[in-house]
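Engineer:
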Amino acid sequence: MRHNTIDKIICEFDTGLRTLLAKPHSLRPHPDQDIAEASLSESEKKHASALMRINHTGEVCAQALYSGQALTAKSAATSASMQQAALEETEHLAWCEARIQALGGHTSFLNPLFYAGSFAIGAIAGALGDKWSLGFVEETEKQVGAHLDSHLRTLPDADEKSR
Numbered sequence: 593m594r595h596n597t598i599d600k601i602i603c604e605f606d607t608g609l610r611t612l613l614a615k616p617h618s619l620r621p622h623p624d625q626d627i628a629e630a631s632l633s634e635s636e637k638k639h640a641s642a643l644m645r646i647n648h649t650g651e652v653c654a655q656a657l658y659s660g661q662a663l664t665a666k667s668a669a670t671s672a673s674m675q676q677a678a679l680e681e682t683e684h685l686a687w688c689e690a691r692i693q694a695l696g697g698h699t700s701f702l703n704p705l706f707y708a709g710s711f712a713i714g715a716i717a718g719a720l721g722d723k724w725s726l727g728f729v730e731e732t733e734k735q736v737g738a739h740l741d742s743h744l745r746t747l748p749d750a751d752e753k754s755r
């Protein structure tokens, strides 16, 4: 079934609400399920929680970027790829949120603003055409990888569950 523009907007609005307000669920086991919780000091927990909050916000932004690109993609295949990518990011969102809660932290109160801005950027990238959109995804993933590597270097050594 082919969706018209209004249908697509409603679907993406629903995705946004689910990303921001619903508890994300993972379909796969959490990667840390077999790792024992380390004894961390309060300052180590606070630091790890802050890093995981940043990672969680990054996942919120990824959801929004992919959703924005899916909405304005020129081809149905690119739109479907972006929707699939957003769905896969739900796993990471669930894992980050669970870890934040385990560390006694909270997700960012600014996530709605980050989502809106990222959705707009994704929609613009999608509107520029599939080559721009896919190039944008590639560069974003490259930057995210570098960002996560820097977080891994600053996590407390004993905190294997956050890795």
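Residues in the sequence shown are numbered consecutively from 593, following our numbering. Glycine included, each C-beta is placed from N, C-alpha and C at the ideal position.
How many Å lie between L705 and S631 at the Cα?
Structural biologist: Translated into the one-based positions of the sequence shown, residue 705 becomes position 113. Translated into the one-based positions of the sequence shown, residue 631 becomes position 39. So the two alpha carbons sit approximately 35 angstroms from each other.
Engineer: May I have the straight-line CA-CA distance separating D749 from H684, to the nearest angstrom?
Structural biologist: Mapped onto the sequence shown, residue 749 falls at position 157. Mapped onto the sequence shown, residue 684 falls at position 92. Distance between the alpha carbons of D749 and H684: 22 angstroms.
Engineer: Would you call T597 buried or exposed, if buried means 16 or more other Cβ atoms sit within 10 Å of its Cβ?
Structural biologist: Numbered from its first residue, the sequence shown carries residue 597 at position 5. That one is exposed.
Engineer: Per DSSP, what kind of secondary structure is P704 in: helix, strand or coil?
Structural biologist: By 1-based counting over the sequence shown, the position of residue 704 is 112. If DSSP states are grouped into helix, strand and coil, P704 belongs with the helices.
Engineer: Quick one, which of T746, R755, L744 and I713 has its alpha-carbon nearest L663's?
Structural biologist: Residue 663 sits at position 71 when you count from the first residue of the sequence shown. Answer by Cα proximity: I713.
Engineer: Could you say if the region 731–739 and the region 686–699 meet the contact criterion of at least three C-beta pairs nearer than 8 angstroms?
Structural biologist: Taking 8 angstroms as the limit for Cβ pairs, the verdict is that the region 686–699 does not touch the region 731–739.
Engineer: Taking Cβ positions, are F711 and A656 nearer each other than 7 angstroms?
Structural biologist: In the sequence shown, the residue the question calls residue 711 occupies position 119. In the sequence shown, the residue the question calls residue 656 occupies position 64. In contact: F711 and A656 (Cβ atoms closer than 7 angstroms).
Engineer: Measure the alpha-carbon distance for R645 versus S673 and round it to whole angstroms.
Structural biologist: Taking the first residue of the sequence shown as 1, we reach residue 645 at position 53. Taking the first residue of the sequence shown as 1, we reach residue 673 at position 81. Each residue's alpha carbon lies about 27 angstroms from the other.
Engineer: Output needed for G721: all residues of its chain with C-beta closer than 8 angstroms, excluding positions within five of it in sequence on either side, in chain order.
Structural biologist: Residue mapping note: residue 721 aligns to position 129 of the sequence shown, counting from 1. Answer for G721: K666, listed in chain order.
Engineer: Can you name the start and end residues of the alpha helix (DSSP H) that K600 belongs to?
Structural biologist: Here residue 600 is taken as the residue at index 8 of the sequence shown, counted from 1. T597 to L613 is the span of the alpha helix (DSSP H), which, as asked, contains K600.
Engineer: Less than 8 angstroms between C-beta atoms, sequence neighbours within five positions excluded: which residues of the same chain meet that for Y707?
Structural biologist: Taking the sequence shown and counting its residues from 1, one reaches residue 707 at position 115. Taken in chain order, the residues that qualify are G608, T611, L612, V652, C653, Q655 and A656.
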